[in-house]
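As you go down the protein sequences, you meet chains A and B in turn. Letter by letter, the first sequence follows residues 54 to 171 of the numbering used here. Letter by letter, the second sequence follows residues 54 to 171 of the numbering used here.
2 protein chains.
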Amino acid sequence: MLRKVDKHSGIPAYIQIVNMIKAELLLGNLQKGAQLPTVRDLQNIFDVNINTVLKALEKLKAEGYIEAEQGVGYFIKRDVEIDQKIIETIRECVSKLKDDRIDFYTAMLIFEEVWKNG
Amino acid sequence: MLRKVDKHSGIPAYIQIVNMIKAELLLGNLQKGAQLPTVRDLQNIFDVNINTVLKALEKLKAEGYIEAEQGVGYFIKRDVEIDQKIIETIRECVSKLKDDRIDFYTAMLIFEEVWKNG
DNA sequence: AATACTGTTATATAATTATATAACACTATT
DNA sequence: AATAGTGTTATATAATTATATAACAGTATT
């Protein structure tokens, strides 16, 4: 689900936008051929300047995820394959962590550290 | 474990440094009273400019995690409590995901999206 | 006292990120 | 043909992030 960018996270807005759209692709919420909201709508959805939206779309285009049709819109270029088992693994983990009342940021810190120095 | 900053991740270096040190605190690898490497050593460890190190340390100090002794060094101010069960949950999840050959970035994207729109 | 190690402050410079704003170009509808 | 909706390009401005470099100030050791 596309949502407002977090302007206090320290992570550049255009990176957050790229990440959100990639996540939609991975979860199958955006599939090949689907049309993205218009650039000006995305501007409102993410609550950023139009140039910031374009920077994100340009990156996604360069990576082959989307393509633009001048005067028409942006479209998803290809599906991103992902094993449903992986999503289920993550869902279960997130569920457990939320039960333990841990916040997202802390979870991410531990997740990254464990991943890189297991 | 403190390691080089990823200069291509898009995430500001000083934020990465703050996150790495916080992760060490959460995992108990850095405990109350422990001394951090010197500012100039940290500069080499993270492979950034001294001002970038100071910016990160300043943030950690402002948040109460560390304190400075002029002419002596930086020290951990307090332990960060965290249920070991949480760490175990994350370890297991990471282990499963690595078995499935998924890369860190993709895992994080799904993790964040599932967390925020379960 | 001198030295070598700490943290601290300062200045200048550059690249990156983000905003505001305007105009242009293509497509589809009226 | 005119219009309204798309994407596209451009300019100016500001804040943030990061670097290089130098000097200063406190602490502990010799």
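Backbone N, C-alpha and C fix where the C-beta goes; we use that ideal spot for every residue, glycine too.
Among the bridge pairs identified by DSSP, E122 (chain B) is matched with B:G126. Under the three-state reduction of DSSP, Q96 (chain B) is assigned to helix. When only Cα atoms are considered, D136 (chain B) and Q96 (chain B) end up about 32 Å apart. The region 59 to 69 of chain B makes contact with the region 64 to 84 of chain A: 3 or more CB pairs, one atom from each, lie closer than 8 Å. Under the three-state reduction of DSSP, Q88 (chain A) is assigned to strand.
Scanning its chain for C-beta atoms nearer than 6 Å, with the 5 sequence neighbours on each side dropped, one finds no residue around G171 (chain B). Remark: C-beta atoms of L78 (chain A) and D156 (chain A) do not approach each other more closely than 9 Å. Nearest Cα to R93 (chain B) within the set B:R154, B:G124, B:K138: B:G124.
Taking 9 Å as the CB threshold, T159 (chain A) lines the interface with chain B. As the crow flies, the alpha-carbon of K57 (chain B) is around 22 Å from that of K151 (chain B). Shown here, M161 (chain B) sits in a helix according to DSSP, grouped into three states. Neighbours of T142 (chain B) across chain A, judged by C-beta separation under 8 Å: C146, K149, L150, D153. At least 9 Å separates the CB of P90 (chain B) from every CB of chain A.
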